[in-house]
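J.:
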Amino acid sequence: MDTRFLLRWAVAVVLAVIALSLVLGFFAISPPIGGTLGIVLVAIAVYLLMQRRE
14 MDTRFLLRWA VAVVLAVIAL SLVLGFFAIS PPIGGTLGIV LVAIAVYLLM
64 QRRE
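All residue numbers for the sequence shown refer to the working numbering, where the first residue is 14 and numbers rise by one.
1) For the putative contact between Leu35 and Leu50, defined by C-beta atoms under 8 Å, what is the C-beta separation to the nearest angstrom?
2) So, are the CB atoms of Ala56 and Ala29 less than 8 Å apart?
3) Considering only residues of the same chain and omitting the five flanking positions on each side of Leu54, which have a CB-CB separation below 6 Å?
4) What's the C-alpha gap between Ile52 and Asp15?
This is the structure we're talking about:
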């Protein structure tokens, strides 16, 4: 098993959980901020997935 691959997955999962809780929290407070944050976080996640494929 490639340890760097596992480490990246662990970081991605942790970031996803934090992002999810942040987005849900922001949606409860103010949807515009939560929505913007959500879009940015999704873009970052997609970028990381593309990096992983290389």
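We treat Cβ as the ideally placed atom computed from N, Cα and C, and that holds for glycine.
T.: On the basis of the supplied data:
1) Indexing the sequence shown from 1 puts residue 35 at position 22. Indexing the sequence shown from 1 puts residue 50 at position 37. At roughly 6 Å, the Cβ-Cβ gap stays under 8 Å, so Leu35 and Leu50 are in contact.
2) Along the sequence shown, one-based indexing puts residue 56 at 43. Along the sequence shown, one-based indexing puts residue 29 at 16. Not closer than 8 Å, so no.
3) For the purposes of this step, residue 54 is taken as residue 41 along the sequence shown, with counting starting at 1. The residues Ala32, in chain order, have a CB closer than 6 Å to that of Leu54 in the same chain once the five nearest residues on each side in sequence are set aside.
4) Reading the sequence shown from its first residue, position 39 is the one you call residue 52. Reading the sequence shown from its first residue, position 2 is the one you call residue 15. Roughly 30 Å between the two C-alpha positions.
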